[in-house]
Each structure stands twice: as C-alpha cells, then as structure tokens.
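Numbered per full-length UniProt numbering, the sequence shown finishes at 296, counting up by one with no gaps. Even for Gly, the Cβ is constructed at its ideal location relative to N, Cα and C.
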Amino acid sequence: YYKDNTLVFLNGEWLPASEANASLYSQTMHYGNGVFEGIRAYKNELGFNVFKAHEHYQRLLYSAQLMHIDLPYSVEELVSITYELLDRNNLTDAYIRPLVYLGANMSLEPVDEVNVFICAWKWEKYLGTQPVKAKISSYQRIHPAAQHVEAKVVGHYTNSILATTEAKKTGYDEAILLDHDGYVSEGSGANIFIEKNGELFTPSRGNILPGITRSTVIELSRDLGIRVTEKPISKSQLLDADTAFFTGTAAEIAPIGSVDKTIYPLQWEDSLGYNLYQMYRQKVLFNDLQNQTII
Ligand code: PMP
C-alpha cells in the first residue's frame with residue numbers, strides 16, 4: 002500500500018507513510034469505533050477525477066455523526082485534501098482510504114481526540130473481471146437494530162471478514178449475506194443487483210450500506226430506460242435470476258456467475274450489468290468536472 006516516499010495526510014500534516022503512527026490504546030483499535038471511506042480516482046485526459054468525492058465525504062460525516070464522533074473537517078476541505086494527496090503522490094488511477102480513528106481511551110464513551118488519516122494507492126478492480134462464484138453466507142448481515150448499518154463503521158467489517166473467510170475456505174470467491182428476515186442484503190463489501198426478464202432488482206434500504214455505486218447504477222439504468230426496482234429479494238428470487246452483479250467503489254460492477262450450486266444462465270456479455278459497466282467506465286472519468294485538477 003505504500004513505499005518509503007509515499008505521503009499520507011494525518012491531522013493536517015503530510016508525512017511519509019512509515020512515519021505516520023497511531024496509539025495502541027486507540028479506542029478504534031480495541032473496540033472498532035471509527036469510521037472510514039473507500040473512494041476511487043480515475044485518470045483522464047485532463048489529469049484525474051475523484052469519482053463522487055463529495056458524496057463519499059458526506060457519507061463519512063454522516064457515519065461519524067451516528068457514532069458521536071465530531072469530525073474537525075468539512076466535506077469541501079476533505080475533497081481538496083484528497084486532490085492534494087493524489088497530486089503529491091503523482092497518483093491518477095488510485096484507491097483512496099480516509100480513516101477516522103479515535104485517541105487513547107479504554108472506556109466505552111465518546112472520545113475527544115479524533116484523528117483523520119487519508120492515504121491512497123494504486124489498486125486493481127476488487128473481485129477482478131471474471132464472473133464471481135458467490136456463496137450465500139451462513140453469517141447474517143448485522144441487524145439494523147444493533148448497529149447503524151447505513152454507516153461505514155470499522156467494527157462492522159468483522160461481519161464482512163467472517164463471511165468472506167467462510168466463502169473462500171469453502172471454495173467460493175465472495176459471500177452474499179442475508180438479513181434477519183432471510184432476504185438478500187449485500188456482499189461483504191458491495192451491494193447486489195439481480196437481472197430477471199430484462200429488469201433489474203436490488204434490495205431496498207434498511208439492511209444494507211446504501212452504496213454510492215448502487216445509486217450511480219440506478220441513475221444510469223434510468224438514463225438507459227432500464228427498469229430498476231428496489232425491493233426485498235428472497236433467496237429463491239436470487240437463485241432464480243438470469244444473472245446478478247455486485248456494485249461497489251472497489252469492485253465497480255462485478256459479474257456474479259453462480260450462487261452456491263446455481264449457475265446463472267445469462268452470459269455476462271449479454272446482460273444489462275455488462276452494458277451498465279461500459280457506461281460506468283465513461284461516467285467515472287468525468288463526472289465531477291467542477292473539481293477537476295489539471296496535472
Ligand atoms: N456494502 C458494503 C458493506 C460496503 O463496504 C460497500 C463499500 N463501501 C458497499 C456496500 C458499496 O458502497 P459504495 O458503492 O459506496 O462503495
């Protein structure tokens with residue numbers, strides 16, 4: 002993720018990654034109370050575009066607020082720090098990871114010391130480009146009455162790690178988690194869409210992280226005249242689909258070739274997801290032109 006000369010942003014300073022340190026007594030380290038984001042930048046003819054940077058930082062502030070963490074930066078400041086981070090590291094195609102972590106505190110109470118760390122590195126498309134073999138996880142998605150599922154909280158990802166590890170250990174690439182009512186919720190780090198009879202369906206909000214890529218895919222579908230419906234999706238509807246795909250900043254739009262023992266009949270190249278992916282690749286290059294940095 003970093004070399005000796007990689008610069009990171011930490012609490013208003015630019016430091017070599019190897020010199021950026023955190024306390025072993027951080028409440029985030031012990032109890033998982035911290036929030037983060039995952040953002041991508043794309044190289045274009047003018048330099049690069051940080052895709053939906055404002056939306057990502059708005060979600061970071063929202064996640065922080067739900068966890069009673071006071072962030073000392075505005076969305077605008079965080080966006081401009083991100084452009085500077087990429088400029089300073091000569092990065093164009095990059096994955097950006099802002100992390101808000103707390104100071105030393107072993108209590109279970111809100112902590113005054115709030116640290117903001119932002120780093121970036123070159124990261125290939127998560128889950129690759131080949132259709133993914135997905136497994137319905139034996140782990141349920143975290144219950145919305147127990148955690149703020151709509152927030153991107155550090156500790157929530159132990160649920161994702163358990164599901165991914167189980168999937169990988171049993172010969173699959175990725176997990177699909179069901180919610181407490183047995184409906185499809187999402188992947189370990191991505192939302193899910195299914196295609197059936199030329200239409201798209203995706204789980205409604207409530208038991209998912211409402212992804213920025215998910216919203217983009219819904220917008221693109223409407224632009225293309227594809228019907229997309231947000232509704233609860235049962236396990237049998239998932240298995241009976243023509244095909245399906247994951248959406249996420251890291252995974253972008255990633256085809257699902259099979260779920261458990263069910264192989265989807267529709268080829269990826271013939272699917273709506275494939276067409277949407279071509280459109281998505283165009284959109285990420287220029288969507289936020291007003292924030293364009295010329296390098
Ligand atoms: N669900 C979960 C659990 C995630 O971690 C992510 C990645 N942030 C997503 C969905 C997709 O969100 P986005 O499209 O905003 O990256």
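Check	Outcome
In angstroms, rounded to a whole number, what distance separates the CA positions of residue 170 and residue 137?	13 Å
Straight-line CA distance for residue 37 to residue 99?	6 Å
Does the structure place the stretch 45 to 62 close enough to the stretch 16 to 25 that three or more beta carbon pairs sit under 8 Å?	no
Since residue 65 and residue 96 are thought to touch, with beta carbons under 8 Å apart, how far apart are those beta carbons, to the nearest angstrom?	Their Cβ separation, rounded to whole angstroms, is 21 Å, which puts residue 65 and residue 96 out of contact at 8 Å.
Pair every Cβ in the stretch 45 to 57 with every Cβ in the stretch 101 to 108, then say whether three or more of these pairs are closer than 8 Å.	no
Which residues in the same chain have their Cβ closer than 8 Å to the Cβ of residue 80, if we skip the five residues on either side of it in sequence?	51, 54, 55, 58 and 292
Kindly indicate which three-state DSSP category residue 54 falls into: helix, strand or coil?	helix
In this structure, does DSSP put residue 270 in helix, strand or coil?	helix
Less than 8 Å between the CB of residue 209 and some heavy atom of the ligand PMP, yes or no?	yes
Between residue 273 and residue 227, how many whole angstroms is the CB-CB distance? I'm expecting something under 8 Å.	6 Å
Just the Cα atoms here: how many angstroms apart are residue 225 and residue 135?	28 Å
Quick one: residues in its chain with C-beta nearer than 6 Å to the C-beta of residue 217, no 5 flanking neighbours on either side, listed in chain order?	none
Could you have a look at residue 133 and say whether DSSP puts it in helix, strand or coil?	strand
Could you tell me the distance, in whole angstroms, from the CA atom of residue 213 to the CA atom of residue 145?	19 Å
Note down, in chain order, each residue of its chain lying with its Cβ closer than 6 Å to the Cβ of residue 278, except the 5 sequence neighbours on either side.	254
How is the beta strand (DSSP E) around residue 6 delimited, first residue to last?	Here residue 6 belongs to no beta strand (DSSP E), and DSSP marks it neither H nor E.
Nearest CA to the CA of residue 34: which residue from 116, 87 and 276?	116
Could you have a look at residue 192 and say whether DSSP puts it in helix, strand or coil?	strand
Work out the CA separation of residue 245 and residue 130 for me, nearest whole Å.	14 Å
Rounding to the nearest angstrom, what Cα-Cα distance links residue 24 and residue 31 in this structure?	11 Å
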